[in-house]
Structure formats: C-alpha cells, structure tokens
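Enquirer: Attaching a single structure in structure tokens format; questions to follow.
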Amino acid sequence: MTRLGPPRLTPSQRTAGTARIVVAAGILFAVEAALRGSVARTMVAFAMLALGAGLLFFAKRAD
C-alpha cells in the first residue's frame, strides 16, 4: 500500500530545515536593525545568525 503524504525526514534534515528558517529570519532581522541604526538589535540579529549557522553545521555533520 502506498503511503500518502510528505516523505519522512531524518532528524538531521529537520534540523537543517529549522536552521535555514533561523538564518533567514536572522538576515531579515539584521538588515532591519542595521537600517534603523540599533546596535543592540543588530547584535541580537547576529546572535540569531550564529545560532542558525551552528545548527546547519551540526546537521551537516550528523549525515
């Protein structure tokens, strides 16, 4: 019997998907913060980028 629905993802694929979303949000947040000239918001945005990059790194290593 054929299973309907999306294919099952491995844990590393799910982590990589989450990391891509975090990185994209971090980029948008960083651009917005830089345009407003807020140093604190820019630092938080770069922390989000670092978190997303770390997740991507560990997801790639898990494969």
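Using my numbering, read the sequence shown as starting at 641 and increasing by one per residue. Ideal Cβ positions, reconstructed from N, Cα and C, are used throughout, including at glycine.
1) Give the straight-line distance between the Cα atoms of Thr658 and Pro651, rounded to the nearest whole angstrom.
2) Mapping DSSP to helix, strand and coil, what is Gly677?
3) Rounded to whole angstroms, what's the CA-CA distance from Pro646 to Arg654? Just pull it up for me.
4) Would Leu695 be called buried (16 or more neighbouring beta carbons within 10 Å of its own) or exposed?
5) Please work out which residues of its chain come closer than 8 Å, Cβ to Cβ, to Ala606, disregarding the five sequence neighbours upstream and downstream, and give them in chain order.
6) Assign Gly677 to buried or exposed, taking buried as 16 or more other Cβ atoms, counted over all protein chains shown, within 10 Å of its Cβ.
Expert: The relevant details are as follows:
1) 11 Å
2) coil
3) 13 Å
4) buried
5) This structure cannot settle anything about residue 606, because the visible part of the chain is limited to 641 through 703.
6) exposed
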